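Worksheet: one structure, shown below.
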Amino acid sequence: MSTIAVVTFRCNPDGRVALIDFLSGEEGLSVTRAYDGAIGVQTLLSNDSDDVVLYEEWESVEHHQAYVGWRVETGLADFLSSNGIELEIAYLTPTDI
Numbered sequence: 042m043s044t045i046a047v048v049t050f051r052c053n054p055d056g057r058v059a060l061i062d063f064l065s066g067e068e069g070l071s072v073t074r075a076y077d078g079a080i081g082v083q084t085l086l087s088n089d090s091d092d093v094v095l096y097e098e099w100e101s102v103e104h105h106q107a108y109v110g111w112r113v114e115t116g117l118a119d120f121l122s123s124n125g126i127e128l129e130i131a132y133l134t135p136t137d138i
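Residue numbers for the sequence shown follow my numbering, so the first one is 42 and each next one is one higher.
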């Protein structure tokens with residue numbers, strides 16, 4: 042069964058603009074969607090804050106964690122820090138309820 046990763050970027054207004062530019066660029070979500078184990082990614086913008094949320098479906102938690110590790114190695118942590126963005130990740134299991 043697949044897993045859902047809800048990735049929340051806690052942004053300030055400038056950080057939100059920088060993040061959206063990154064996500065829509067050639068190294069952004071097109072790369073994520075092609076990554077091993079990725080099934081789908083939807084981008085959600087908060088109406089109440091400057092947060093950006095990614096609703097991601099992955100083959101497994103391990104696939105997503107490998108992807109996050111690769112993103113950290115290639116500079117994501119530095120990008121987030123320099124733009125005042127905090128990252129939160131929650132893993133959820135789909136059910137038939």
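Note that CB positions come from ideal geometry on N, CA and C, so glycine has one too. Computed from a predicted model, the values in this text were never measured in an experiment.
On the criterion of 16 or more Cβ atoms from any shown chain inside 10 Å, does A79 qualify as buried, or is it exposed? Counting from one through the sequence shown, the residue named residue 79 turns up at place 38. Classification for A79: buried.
Helix, strand or coil: which one does DSSP assign to T73? Indexing the sequence shown from 1 puts residue 73 at position 32. DSSP places T73 in helix when its eight states are reduced to three.
With distance defined between alpha-carbon atoms, name the residue in D137, W99 and I61 nearest to G81.
Taking the first residue of the sequence shown as 1, we reach residue 81 at position 40. Comparing Cα-Cα distances from G81 to each of D137, W99 and I61, the minimum goes to W99.
Exercise. Out of I138, N53 and T134, which has the shortest C-alpha to C-alpha gap to Y96?
Worked result: Stepping through the sequence shown from its first residue, residue 96 is reached at position 55. Looking at the Cα atoms, T134 is the closest of the given residues.
**Three-way DSSP call (helix, strand, coil) for I138 in this model** = In the sequence shown, residue 138 corresponds to position 97, counting from 1. DSSP places I138 in coil when its eight states are reduced to three.
Counting along the chain, where does the alpha helix (DSSP H) carrying I126 start and finish? The residue given as residue 126 occupies position 85 in the sequence shown. Segment: none, I126 is in no alpha helix (DSSP H) and carries neither H nor E.
*Three-pair Cβ contact test at 8 Å for the segment 112-119 versus the segment 47-60*: no
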